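So the sequence lines, in the order shown, correspond to chains A and B. FYI, the numbering for the first sequence is 1 to 293, going by the numbering used here. FYI, the numbering for the second sequence is 1001 to 1289, going by the numbering used here. Reviewing the structure listed below.
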Amino acid sequence: MRENQKRSYLFLLPYIILFTLFIIVPVLMAIYLSFTNFNTIETPNFVGFMNYINLLTQDEIFMQYVLPNTILFAVIVGPGGYILSFILAWILAQLTRVPRTIFALIFYSPSMTAGIAMAVVWRVIFSGNQSGYANSILMQLGIITEPIIWLQDTRFILLIMIIVALWSSMGVGFLAMMSGVLNIDETLYEAGAIDGVKNRFQELIYITIPSMKPQMLFGAVMAIVSTFSAGAIGVQLTGANPTPSYAGQLMVNHIEDYGFIRFEMGYAAALSVVLLLIIYLFAYISKKLFTES
Amino acid sequence: MAFKSSGINPKTFHRSQLKFYIFLIPFAIFMALPIIFIFNHAFKPLDELYAFPPRFFVVNPTLENFRNLSQLAESSGIPLSRYLFNSLFVTVIVVFLSIALSTLAGYALSKKQFRGKKALLEINNTALMFVPIAVMIPRFLTVSFIGIEDTYFAHILPLVAMPVGLFLVKQFIDQIPDSLIEAAVMDGASDIKIYWKIILPLIKPAIATAAILAFQLAWNDLETSMFYTTSESMRTLAFFMNTLAAQTNVVVGQGMAAVASLIMFVPNLVLFIILQSKVMNTMAHSGLK
């Protein structure tokens, strides 16, 4: 048995080494650095909760732009993308195999572009002069008379970011939920019909969702993660960090701004810790939501 | 009369499915437009790129943009092929290593009993929520601390341990009946042999899925080239592409940027199309409890 245990660890060892080095250690280091003042050149010196206090009391940009932007973005893109993924996954499961595969491919494709590749397309579509596609269409329809400089206009930056993020939100979670719907035992539906389930909607609420909670949770976790990682698109779309008047500034951009532009690593680390806590909190809520009953 | 069965995964077309198509088709067109656009834009000659009013579809397709892109890279000192090579090299190694590590660890976590197993699973499940971009600074410090900055190791090592990959592989191995492994142990098969001859062949779908995810991660990765490398010749296509995208205002830039997007996107798409049925098979076991 002991010998067997040792061999188990051997199988795990390579993964654990890299996992520790590039995931665990950075997280712990972020927590440590968040309590220090660190400019990358001198050794970090301990400042206690100073960074967190500054974050709450001094950082006007954070309170005025970054936090509201992040919340608005996350609240729309997170649940929005998630619900959309679920609805599409459920509808696709009602189709025959070939059309289902084709539609699934179309919906999944945007998530493969991972923001970077497609930033170009969006920049062309929302180009600020009258030969931009969005402007051209709206002007032809007579909705606007002057071209709008979409990506520099503080009213539209966040909205465009949300559209782009929603467009690319049908990722792995979407595929998982679709498989979840497809793999529900047929007999459950038959039993449901006998128990008085009258239509597809009732079926969805009483049979489908309860039977695929594990996939729903996996989808939710993936949605949370991709929502918070999608933050980079603001900078890619506008081509500047900070984004014009901080209109599209999300926490991820704020971290980058402090860490790699101003080199206030201690403060950036405190921001990272707050971001990780927010993500963890959301994941915890989803877990509570989908494991009870 | 009771509501008749669900219509989930139907074998044939039925009129009742029509309403779904009415909703799906416009939506699918909307979703696909930007992607169709990039295919068209990449092949547009200069006058069509700047036509007014702008035209969506290409009329006289040309390879001009492809030529311009490779010339631009050439003139900056680093040929496009170098970026491409870096990207391919890094991606292939990441995919290979991350599958090797995930399957090895997945086997142990799923089929072996040892102390700390539960804790490890719990930690890995928590790490599913890990957002690399949030801790890029400490990650950067780790990379420079172990002294792999500006090498291929800096590109490869941080991406290899992929919690989602391990999670999916482990869930899939859970489906393999224990009796199969016990029988092999009776016959005197070693762990390595069980792993190689029983586990790996049975979890091919999960391997395919993990491969796709690792591929997307490595191929699209920007962070490494931006922060962990200093010399231009160590950077990847994703980075080059991103710098290019930042200069789309430059005349001709648009067409080249579209070509670069296309080059970035197509490998992902092809790989997914080839492996999609395996992916769906894996996802059936992706539930998180």
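Heads up, the beta-carbon is just placed ideally off N, CA and C, and yes, glycines get one too. Since the model is a prediction, treat every value here as computed from it, not as a measurement.
Check whether chain B comes within 8 Å of residue i, counting only Cβ atoms and requiring the distance to be less than that.
{"i": "A/W150", "result": "no"}
{"i": "A/M161", "result": "no"}
{"i": "A/M112", "result": "yes"}
{"i": "A/R7", "result": "yes"}
{"i": "A/L276", "result": "yes"}
{"i": "A/T101", "result": "yes"}
{"i": "A/Q249", "result": "no"}
{"i": "A/F126", "result": "no"}
{"i": "A/P26", "result": "yes"}
{"i": "A/N183", "result": "yes"}
{"i": "A/A232", "result": "yes"}
{"i": "A/R259", "result": "The amino acid occupying residue 259 of chain A in the given sequence is Gly; Arg does not appear at that position. Answer yes: the Cβ-Cβ gap between A/G259 and chain B drops below 8 Å somewhere."}
{"i": "A/A223", "result": "no"}
{"i": "A/F86", "result": "no"}
{"i": "A/L67", "result": "no"}
Rounded to whole angstroms, how far is the Cβ of residue i from the Cβ of residue j, which I believe are closer than 8 Å?
{"i": "B/L1166", "j": "B/A1105", "result": "6 Å"}
{"i": "B/V1259", "j": "B/F1066", "result": "5 Å"}
{"i": "B/T1243", "j": "B/Y1083", "result": "The Cβ separation is near 10 Å, so there is no contact."}
{"i": "A/S179", "j": "B/M1280", "result": "6 Å"}
{"i": "A/A89", "j": "A/F174", "result": "6 Å"}
Do residue j and residue i come within 8 Å of each other at the CB atom, strictly closer than that value?
{"i": "B/K1289", "j": "A/P214", "result": "yes"}
{"i": "A/L55", "j": "A/L275", "result": "no"}
{"i": "A/P44", "j": "A/L28", "result": "no"}
{"i": "B/K985", "j": "B/T1209", "result": "The structure shown does not extend to residue 985 of chain B, since chain B is modelled only from 1001 through 1289, so no value can be given for it."}
{"i": "B/L1202", "j": "B/I1176", "result": "yes"}
{"i": "B/V1095", "j": "B/A1214", "result": "yes"}
{"i": "B/I1038", "j": "B/F1227", "result": "no"}
{"i": "A/I233", "j": "A/A119", "result": "yes"}
{"i": "A/F73", "j": "A/L250", "result": "yes"}
{"i": "B/A1211", "j": "B/T1282", "result": "no"}
{"i": "B/I1273", "j": "A/L182", "result": "no"}
{"i": "A/I157", "j": "A/T238", "result": "yes"}
{"i": "B/F1023", "j": "A/I209", "result": "no"}
{"i": "B/N1124", "j": "B/P1158", "result": "no"}
{"i": "B/M1129", "j": "B/E1223", "result": "no"}
{"i": "B/K1011", "j": "A/T96", "result": "yes"}
{"i": "A/V77", "j": "A/T243", "result": "no"}
{"i": "A/P26", "j": "B/P1138", "result": "yes"}
{"i": "B/F1056", "j": "B/N1040", "result": "yes"}
In chain order, what residues of the same chain lie with their CB nearer than 6 Å to the CB of residue i, ignoring the 5 residues before and after it?
{"i": "A/T40", "result": "F263, M265"}
{"i": "B/D973", "result": "Lying outside 1001 to 1289, the shown extent of chain B, residue 973 of chain B is not represented and no answer is given."}
{"i": "A/N129", "result": "P147"}
Leaving out the 5 sequence neighbours to the left and right, which residues in its chain are closer than 7 Å to residue i when beta-carbon positions are compared?
{"i": "B/M1001", "result": "Model confidence at B/M1001 stands at a pLDDT of 38, short of 50, so the residue's coordinates are unreliable and nothing is read from them."}
{"i": "A/I31", "result": "V273"}
{"i": "A/Y258", "result": "E264, Y267, A268, L271"}
{"i": "B/V1131", "result": "none"}
{"i": "B/K1044", "result": "V1058, G1255"}
{"i": "B/T1091", "result": "F1215, A1218, W1219"}
Compare the C-beta of residue i with all C-beta atoms of chain A and state if any pair is closer than 8 Å.
{"i": "B/A1002", "result": "Interpretation of B/A1002 is limited by its pLDDT of 42, a score under 50 that renders its predicted location unreliable; no figure is taken from the coordinates."}
{"i": "B/I1008", "result": "yes"}
{"i": "B/Y1107", "result": "yes"}
{"i": "B/V1228", "result": "Strictly speaking, residue 1228 of chain B in this sequence is Tyr, with Val absent from that position. No, B/Y1228 lies away from the interface with chain A (no Cβ there is under 8 Å from its Cβ)."}
{"i": "B/K1193", "result": "no"}
{"i": "B/Q1175", "result": "no"}
What are the start and end residues of the alpha helix (DSSP H) that includes residue i?
{"i": "A/E203", "result": "200 to 203"}
{"i": "B/T1282", "result": "1253 to 1283"}
{"i": "B/G1165", "result": "1163 to 1173"}
{"i": "B/D994", "result": "Since the displayed chain B opens at 1001 and closes at 1289, residue 994 of chain B lies outside it and no answer follows."}
{"i": "B/H1014", "result": "Per DSSP, B/H1014 belongs to no alpha helix (DSSP H) and is neither H nor E."}
Using a Cβ-Cβ cutoff of less than 8 Å, which residues in the same chain neighbour residue i once the five nearest sequence positions on both sides are dropped?
{"i": "A/T113", "result": "S168"}
{"i": "A/L84", "result": "L166, S169, M170"}
{"i": "A/T145", "result": "M139"}
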